[in-house]
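Trainee: In this note's numbering, the protein residues as written are 34 to 648.
Virtual Cβ for every residue (Gly too), placed ideally from N, Cα, C.
As the structure is a computational prediction, the values presented were derived from the model and not from experiment.
Take this structure, written in structure tokens, and hold onto it; I'll ask about it next.
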Ligand SMILES: Nc1nc2c(ncn2[C@@H]2O[C@H](COP(=O)(O)OP(=O)(O)OP(=O)(O)O)[C@@H](O)[C@H]2O)c(=O)[nH]1
Ligand SMILES: [Mg+2]
């Protein structure tokens, strides 16, 4: 091997064994890690962080090399062809040493194929830190002797043993032919017996871990206690978005106001000053205020995932989801959709049944994604007072947010229920099998980093679109009369043209323009509206957008209609593009776009009249 040539090392193992965390440690990259099987759905690659010419490949977890299902199949095919085409230098088989038997069942298969293709194997016995905490031990040396390949105890969490990986890789040997013949070795039941025997002989002793887990499960999976705790946990999740993020949001708002008060006097009055005030502070500033909520939401969902609770939630949800034509496997894709539809759509690869996956695709765009959050927050802040009831237990704004989130979820379930009942074929299902990950205390650092990255990504990705749209909107709204009257601007004339579309639910043309601009990406709505109100209130003191909406006298029904419209409409170009990629055709994305737009419009109209009737 020449010094410039890169050697590729595959990281392979059962789901949830810690491959991605190990990969992140080895490469310094940031693959998604979570305490839930089936998180990685694509192969990621990255250069070794310590500068030697090693490239690590992080594979999706697989239970068996003789697999048949969705993303596992892709992973196995990719692994096998990497072996066949001789692109790998060596293989690291990651085994969770707290669940040694399960990991070994798969490791034995890996040894078998690596023997066939003449590839050295290193077994990384991961999560050794957990054994240390419980003062348990496992005999890596004897296991290594029995398997005739190196077994290196490591912890991707604490980085213990990781420094020895390059050395161990260099010395790793090709596994010898097993004592079983080829035909028998591919028989899984023999593998199971062998793995069980090895785990009993060399694995950690004691059932400390299992007892605590079972006790927790008897609560969280209890028929009604489980359901109740699920509801409470989800409710707290939404309250936390408001209560934890509120001070930071206020902080961001004060900083923007302060910046505006410092910067604006330095620019001579005229076009440049108006642009800075309306488009930069008004438009982009209005959107930045909501970033802390995205941070908190990602953090809390990450905590739940890492603790092992989400897999229990998927079990709790399986029965009700089945009623709506989905399966427990749809839970994680749908919940990921609460952050963003795009990872949700990728996560749907773990839904084995094609029909159920298709139904899951229908549900995901209706899940309340974080791009909707700024819109919801703005409207809620404009209409609902920031007061608490029941001795501070319930915040009205949090409650409103919970309701609108619930509304989105109910819409998703309504659609899948109706569509799944439309054909008998869609009702058939594969059995629901989901391995329960262990309960763990969440590790803070990766969670904080993940939340930070997500917010940063949101700002940079959405920021570009928002900036571009804001500039266009500002130019159209400012000229030809230099901001003297928004109504007489170019945008004003266009706005009047589209006004009849949204007038039936009480919105004037400014909202119409903001809604149309948000078909690129929902969060653009806030920036556009901020710019428009900015031009309109030229010369006045900087006030928050929510306050300006409040003062503009928008009827409550129109606010409610806006919420409903945004909950349903599929205003996201990226979601449509990813759906096209995953389904291989434009058919489903176009169908969804058209039908959800109509559905959104009709529902918003109904909401407007309902509220008007009641108030
Ligand atoms: N205590 C401890 N936890 C770990 C260790 N390695 C990984 N984890 C945790 O185990 C869980 C699974 O880690 P991942 O890296 O996502 O596992 P994976 O093998 O990539 O999983 P899939 O992509 O779903 O196949 C996460 O909650 C990690 O934080 C470790 O060495 N010690
Ligand atoms: Mg992974």
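Alpha carbons only, please: which of 87, 616, 605 and 454 is nearest the one belonging to residue 630?
Mentor: Among 87, 616, 605 and 454, the Cα nearest to that of residue 630 belongs to 605.
Trainee: How big is the Cα-Cα spacing for residue 47 and residue 577?
Mentor: If I take the Cα positions, the gap works out to 51 Å.
Trainee: Just verifying my parser: in three-state terms, what is the DSSP assignment at residue 373?
Mentor: Three-state DSSP puts residue 373 in coil, outside helix and strand.
Trainee: For the candidate residues 185, 235, 531 and 583, whose alpha-carbon lies nearest to that of residue 417?
Mentor: Comparing Cα-Cα distances from residue 417 to each of 185, 235, 531 and 583, the minimum goes to 583.
Trainee: Among the residues of its own chain, which have a CB less than 8 Å from the CB of residue 81, if the five just before and after it don't count?
Mentor: Contacts found: 59, 60, 87, 88, 89 and 199.
Trainee: What are the start and end residues of the alpha helix (DSSP H) that includes residue 526?
Mentor: Element bounds for residue 526: 523 to 535.
Trainee: Give the DSSP-derived three-state secondary structure of residue 96 in the structure shown.
Mentor: In the structure shown, residue 96 sits in coil (DSSP, three-state: anything other than H, G, I, E or B).
Trainee: Span of the alpha helix (DSSP H) holding residue 350?
Mentor: Segment 342 to 356, the alpha helix (DSSP H) holding residue 350.
Trainee: What are the partner residues of residue 140, as DSSP defines its beta bridges?
Mentor: According to DSSP, which records beta bridges pairwise, residue 140 is partnered with nothing at all.
Trainee: On the criterion of 16 or more Cβ atoms from any shown chain inside 10 Å, does residue 482 qualify as buried, or is it exposed?
Mentor: The residue in question, residue 482, is exposed, as its Cβ has fewer than 16 Cβ neighbours within 10 Å.
Trainee: Does ligand 4 have even one heavy atom less than 7 Å from the beta-carbon of residue 42?
Mentor: With respect to ligand 4, the structure offers nothing, as its ligand set consists of ligand 1 and ligand 2.
Trainee: Considering just the uninterrupted stretch of the alpha helix (DSSP H) at residue 569, what are its terminal residues?
Mentor: 557 to 569 is the extent of the alpha helix (DSSP H) around residue 569.
Trainee: Over what stretch of residues does the beta strand (DSSP E) that includes residue 78 continue unbroken?
Mentor: Segment 77 to 80, the beta strand (DSSP E) holding residue 78.
Trainee: Just to confirm, does residue 66 get its C-beta within under 7 Å of one of the non-hydrogen atoms of ligand 1?
Mentor: Checking the Cβ of residue 66 against ligand 1 gives yes.
Trainee: For a quick check, are the C-beta atoms of residue 507 and residue 312 less than 8 Å apart?
Mentor: Contact: yes.
Trainee: Report the start-end ranges of each beta strand (DSSP E) in the segment 147 to 234 that is 3 residues or longer and not cut off at the edges.
Mentor: Fully enclosed beta strand (DSSP E) runs of 3 or longer: 154 to 159 and 183 to 186.
Trainee: Distance check for residue 636 and residue 514, CA to CA, integer angstroms please.
Mentor: Near 38 Å, if we compare the C-alpha coordinates of residue 636 and residue 514.
Trainee: By Cβ distance below 7 Å, which residues in the same chain neighbour residue 210 in space, the five residues on each side in sequence not counted?
Mentor: Within the same chain, residue 210 has close Cβ partners 148.
Trainee: Could you check which residue in 336, 497 and 394 has the C-alpha nearest to that of residue 475?
Mentor: Out of 336, 497 and 394, 336 has the C-alpha closest to the C-alpha of residue 475.
Trainee: Taking the alpha-carbon of residue 270 as reference, which of 501, 427, 643 and 456 has the nearest alpha-carbon?
Mentor: It is 427.
Trainee: Using a 10 Å radius around the Cβ and a threshold of 16 neighbouring Cβ atoms, would you call residue 344 buried or exposed?
Mentor: Buried is the call here.
Trainee: Mark residue 326 as exposed unless 16 or more other C-beta atoms lie within 10 angstroms of its C-beta, in which case mark it buried.
Mentor: The residue is buried, with at least 16 neighbouring Cβ atoms inside 10 Å.
Trainee: I need the DSSP call for residue 62, collapsed to helix, strand or coil.
Mentor: Looking at residue 62 - three-state DSSP - the assignment turns out to be coil, as it is neither helix nor strand.
Trainee: Please go through the same chain and pick out, in chain order, the residues whose beta-carbon is closer than 8 Å to the beta-carbon of residue 642, but skip the five residues on each side of it.
Mentor: 590.
Trainee: Tell me the rounded alpha-carbon separation between residue 388 and residue 362.
Mentor: Those two C-alpha atoms are separated by around 12 Å.
Trainee: What are the boundary residues of the alpha helix (DSSP H) that residue 123 is part of?
Mentor: Here residue 123 belongs to no alpha helix (DSSP H); instead the beta strand (DSSP E) covers 121 to 129.
Trainee: Pop quiz: residue 201 and residue 133 are said to be a contact at Cβ under 8 Å. What is the actual Cβ separation, rounded to whole angstroms?
Mentor: The pair is not a contact, with the Cβ atoms about 19 Å apart (cut-off 8 Å).
Trainee: Give a single yes or no on whether residue 52 has its beta carbon closer than 7 Å to a heavy atom of ligand 2.
Mentor: Yes, the beta carbon of residue 52 sits closer than 7 Å to at least one heavy atom of ligand 2.
Trainee: Give the list of continuous alpha helix (DSSP H) stretches no shorter than 4 residues that lie fully inside the segment 409 to 488.
Mentor: Within the segment 409 to 488, the complete alpha helix (DSSP H) runs of at least 4 residues are 429 to 454 and 457 to 460.
Trainee: Taking the alpha-carbon of residue 501 as reference, which of 564, 485 and 454 has the nearest alpha-carbon?
Mentor: The candidate whose alpha carbon is nearest that of residue 501 is 564.
Trainee: On the DSSP bridge list, what partners appear for residue 91?
Mentor: According to DSSP, residue 91 bridges with 44 and 77.
Trainee: Give me the Cα-Cα distance between residue 214 and residue 603, rounded to the nearest whole angstrom.
Mentor: With a pLDDT of 43 at residue 214, under the threshold of 50, the predicted position of this residue should be treated as unreliable, and no value is reported.
Trainee: If you run the structure through DSSP and keep just helix, strand and coil, what is residue 115?
Mentor: Residue state, collapsed to three classes: helix.
Trainee: Mind checking whether the beta-carbon of residue 260 lies closer than 7 Å to any heavy atom of ligand 2?
Mentor: Because no heavy atom of ligand 2 lies under 7 Å away, the Cβ of residue 260 does not count as near it: no.
Trainee: Helix, strand or coil: how does DSSP classify residue 554 here?
Mentor: Reduced to three states, the DSSP call for residue 554 is strand.
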